[in-house]
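Chains as they are written, first to last, in the numbering used here: chain A, 512 to 827; chain B, 47 to 298.
Positions of the beta carbon are idealized from the N, C-alpha and C atoms, including for glycine.
Note that the structure is predicted; figures quoted are calculated from it, not measured.
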Amino acid sequence: MILIVVEHADGKVSKSTCELITAARELRRDGPLTALVLGRGVASVAAEAARLADQVLVVDNAQLEQYDAELWAAGVAQVAREGDAHTILIAGSRSGREYSPRVAVKLDAPLLEEVIGLKDVDGALIAERYTFLTRVTERIEAQGAVIVATIKPGSWAPATPAQNECEQFDVDLDLPPRRLTITARTREKSERVSLTDADVVVSGGRGVGSPEGFTQLVVGLADQMGAAVGATRAIVDAGWRPYSEQVGQTGKTVQPKAYFAVGISGAVQHLSGMNKSKCIVAINKDAEAPIFRIADYGIVGDVKEIVPAIIQELRK
Amino acid sequence: MRILTLVRQVLDAQESVRVVGGAVDLEGRKLVMDTMDEYGVEEALRLRESGTDAEIIVLAVGPNRVEEALRTALAMGADRAIHVESDVALDAIALSSVVAQIARAEQATLILCGGQQADWDSQALGAATAERLNWPQATWTRALKLRGTTLIGEHDADQGSESFELQLPAVITTQQGLNEPRYPTLPNIMKSKKKEIRRESVAAFLVAPKLKLLGVEIQEKQRLKRILDGRDVHAAAAQLVQSLRFEARVIA
Numbered sequence: 512m513i514l515i516v517v518e519h520a521d522g523k524v525s526k527s528t529c530e531l532i533t534a535a536r537e538l539r540r541d542g543p544l545t546a547l548v549l550g551r552g553v554a555s556v557a558a559e560a561a562r563l564a565d566q567v568l569v570v571d572n573a574q575l576e577q578y579d580a581e582l583w584a585a586g587v588a589q590v591a592r593e594g595d596a597h598t599i600l601i602a603g604s605r606s607g608r609e610y611s612p613r614v615a616v617k618l619d620a621p622l623l624e625e626v627i628g629l630k631d632v633d634g635a636l637i638a639e640r641y642t643f644l645t646r647v648t649e650r651i652e653a654q655g656a657v658i659v660a661t662i663k664p665g666s667w668a669p670a671t672p673a674q675n676e677c678e679q680f681d682v683d684l685d686l687p688p689r690r691l692t693i694t695a696r697t698r699e700k701s702e703r704v705s706l707t708d709a710d711v712v713v714s715g716g717r718g719v720g721s722p723e724g725f726t727q728l729v730v731g732l733a734d735q736m737g738a739a740v741g742a743t744r745a746i747v748d749a750g751w752r753p754y755s756e757q758v759g760q761t762g763k764t765v766q767p768k769a770y771f772a773v774g775i776s777g778a779v780q781h782l783s784g785m786n787k788s789k790c791i792v793a794i795n796k797d798a799e800a801p802i803f804r805i806a807d808y809g810i811v812g813d814v815k816e817i818v819p820a821i822i823q824e825l826r827k
Numbered sequence: 047m048r049i050l051t052l053v054r055q056v057l058d059a060q061e062s063v064r065v066v067g068g069a070v071d072l073e074g075r076k077l078v079m080d081t082m083d084e085y086g087v088e089e090a091l092r093l094r095e096s097g098t099d100a101e102i103i104v105l106a107v108g109p110n111r112v113e114e115a116l117r118t119a120l121a122m123g124a125d126r127a128i129h130v131e132s133d134v135a136l137d138a139i140a141l142s143s144v145v146a147q148i149a150r151a152e153q154a155t156l157i158l159c160g161g162q163q164a165d166w167d168s169q170a171l172g173a174a175t176a177e178r179l180n181w182p183q184a185t186w187t188r189a190l191k192l193r194g195t196t197l198i199g200e201h202d203a204d205q206g207s208e209s210f211e212l213q214l215p216a217v218i219t220t221q222q223g224l225n226e227p228r229y230p231t232l233p234n235i236m237k238s239k240k241k242e243i244r245r246e247s248v249a250a251f252l253v254a255p256k257l258k259l260l261g262v263e264i265q266e267k268q269r270l271k272r273i274l275d276g277r278d279v280h281a282a283a284a285q286l287v288q289s290l291r292f293e294a295r296v297i298a
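Below you can see the structure in the form of structure tokens.
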């Protein structure tokens, strides 16, 4: 069977999970598409998953109240072994990429990380993924009785839920004790659309001049379009914006329909987080800035003049 | 205690990438220690400087050239280095077996490694190593202290950040924000030349790659590059909005 680990938050199945379903269906490997729900009080999640998969396995356990890499890996590996899974698909979120290597080691399986394309060729899985800070696309092959893969969010269209629910089964597991003790949580709260889901992203760099400049130009332009806000590492390091808004190698990877780079010169670490955007718009005073080399549209000029003029134009 | 820090040697981020014969060509290019791993080396040094009695071992797996990265770590202040010589590229799951075997042999109780590697864009090495050793892990760590045998730190999770506590032995993956890596000073560079780099052959570790590389491609999206002169601010803004609305159709 193909095992899909359902990622969920606030009682809802994540968009990445719906993308896993599409990726799994396209693979056409043998056996039922099995969704695994780990958590506590996850009835609503299981019901939602039951409209996406062929069968749902539910582990509702007090120990699984909060995500933990060791617990998740133990649960997934145990279910995979008992169900004889040949393929395990996991969303490429921070947590997915953290526990999936443990699953692969437990099952002595190869791990395909952050794949953007996946095919079964005579029983082997051939994957496409980005390397070298998202500048190179590699094709790799994994063979084995069981293969683990994490799927890069946004690489497949999310599956649409069916009318009917498939069968759900409760599963008991032996889970290990939790060894990483979480003593405090700071949850990112944002009224805006999330960076990774947004159709339009407006990001700012040093060129905006000051925290006030960032608010006025970058947040202002984003508000005008209902867009998400992003920032470069320099801006985050300076403490002007929270880390959650950072786009780039050490921050988030985005591929929106339109990416506005405001006062961003285009260091390769930043480009690696946004260079797959469909349309890139750059506004910068330096015509030689590397960002213009990957821009579809751009204006060379002072962001403090250009951006307010764009906002004004959008209001028309 | 013994701290094991892993380093990888990668293409300098400022260098352009080129493909020769189905692989990324590193010949004659500027190669550096992966920035993400520098945070690990630096953090090991800081743990020691804050009073922990620790020997710091730096480990790299790869061809001869990776000794440059090991020398950099030694010049930063690591005590000794291990170079596992391998001309075969190992994926993270295979490589983690080598790291775990070294950690056991050296009786290390803390492993530090970069949160993501800049060459294969993988985040798996730390967690896979932890699993092989049956150790807990904290990934994407931004702050770290050691009190006795308890690690106290902060790291990034799916939504926001978390404060954590963890008992040694453990694996910590590092990232930007954890510290500011030092530059090796000249006296330390001189001193490092006398430090030991022990060489071992990868064959002794009985590992085989789990993945086969079929080919690489540089798929640069063709960009329109319609760059306007912004001297006439309002004309440029009007034309840009017009193009985005009616030509690219990416905004309403």
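- Per the DSSP secondary-structure output, Lys763 (chain A) pairs in a beta bridge with A:Val758.
- By the Cβ neighbour-count rule, Ile264 (chain B) is exposed, with fewer than 16 other Cβ atoms within 10 Å of its own.
- Setting aside the 5 residues that flank it on each side, Cys677 (chain A) is surrounded in the same chain by Ala561, Arg562, Ala564, Asp565, Gln566, Val567, each with a C-beta closer than 8 Å to its C-beta; the list follows chain order.
- Residue range 232-238 is occupied by the alpha helix (DSSP H) that includes Ile235 (chain B).
- Here the region 712-724 of chain A does not lie against the region 601-619 of chain A, with fewer than 3 beta-carbon pairs under 8 Å apart.
- Closest by C-alpha distance to Val814 (chain A), out of A:Gly720, A:Thr743, A:Arg744, is A:Gly720.
- Between Gly160 (chain B) and Thr118 (chain B), the CB-CB gap reaches or exceeds 8 Å.
- Note on Leu232 (chain B): under 16 other CB atoms within 10 angstroms of its CB, so exposed under the neighbour-count rule.
- Residue pairing by DSSP puts Met79 (chain B) in a beta bridge opposite B:Gln55.
- The residue among A:Arg640, A:Tyr808, A:Gly731 with its C-alpha nearest the C-alpha of Gly665 (chain A) is A:Arg640.
- If you check each beta-carbon in the region 760-787 of chain A against every beta-carbon of chain B, the ones closer than 9 Å belong to Gln760, Thr761, Gly762, Pro767, Lys768, Ala769, Ala778, Val779, Gln780, Ser783, Asn786, Lys787.
- Relative to Arg804 (chain A), the option among B:Lys267, B:Leu259, B:Ala100 whose CA is nearest is B:Lys267.
- In the DSSP assignment, Thr743 (chain A) falls outside any beta strand (DSSP E), carrying neither H nor E.
- At a cut-off of 8 Å, the C-beta of Thr645 (chain A) has a neighbouring C-beta in chain B.
- Taking the Cα of Ala535 (chain A) as reference, the smallest distance to any Cα among A:Ile775, A:Tyr578, A:Ala596 is reached at A:Ala596.
- Look at the beta carbons and you see the region 779-787 of chain A not touching the region 686-695 of chain A: under three pairs across the two are nearer than 8 Å.
- Pairwise C-beta distances place the region 797-811 of chain A out of contact with the region 652-670 of chain A, as fewer than three of them are shorter than 8 Å.
- Nearest to Ala174 (chain B) by alpha-carbon distance, out of B:Ser143, B:Ala135, B:Leu260, B:Ala149, is B:Ser143.
- Look at Glu824 (chain A): its C-beta is under 8 Å from a C-beta on chain B.
- Taken in chain order, the whole beta strand (DSSP E) runs of length 3 or more contained in the region 108-136 of chain B are 126-131.
- Interface flag for Val553 (chain A) against chain B is unset, since no Cβ pair is found closer than 8 Å.
- Closest in C-alpha terms to Thr764 (chain A), from the list A:Ser705, A:Leu728, A:Ile746, A:Arg551, comes A:Ser705.
- Using beta-carbon distances, Arg592 (chain A) does not count as an interface residue toward chain B, since no partner is under 8 Å.
- Taking C-alpha positions only, Asp278 (chain B) is separated from Phe292 (chain B) by approximately 21 Å.
- A check of alpha carbon separations from Ile128 (chain B) across B:Leu93, B:Ile49, B:Ala281 identifies B:Ile49 as the nearest.
- Within the DSSP bridge table, the entry for Asp571 (chain A) names A:Gly550 as partners.
- Distances from the CA of Gly206 (chain B) to each of A:Gln654, A:Ala588, A:Gln757 were compared; the closest alpha carbon is that of A:Gln757.
- Within chain B, no C-beta atom comes less than 8 Å from the C-beta of Glu799 (chain A); the nearest is roughly 11 Å away.
- For Ile218 (chain B), no Cβ of chain A is located within less than 8 Å of the residue's own Cβ.
- For Pro182 (chain B), the chain A residues whose Cβ falls inside 7 Å of its Cβ are Glu581, Arg690, Leu691, in order along the chain.
- For Asp807 (chain A), the residues of chain B that pass the 8 Å Cβ criterion are Arg269, Leu270, Lys271, Arg272, Ala294, in the order they occur in the chain.
- Chain-order list of chain A residues neighbouring Ile235 (chain B): empty, with the shortest C-beta distance near 27 Å, by a criterion of under 8 Å.
- For the C-beta of Lys617 (chain A), the chain B residues within less than 7 Å are, from N- to C-terminus, Glu177.
- A check of alpha carbon separations from Ala121 (chain B) across B:Val87, B:Gln55, B:Arg94, B:Ser62 identifies B:Val87 as the nearest.
- In the three-state DSSP reduction, Val517 (chain A) falls in the coil class, being neither helix nor strand.
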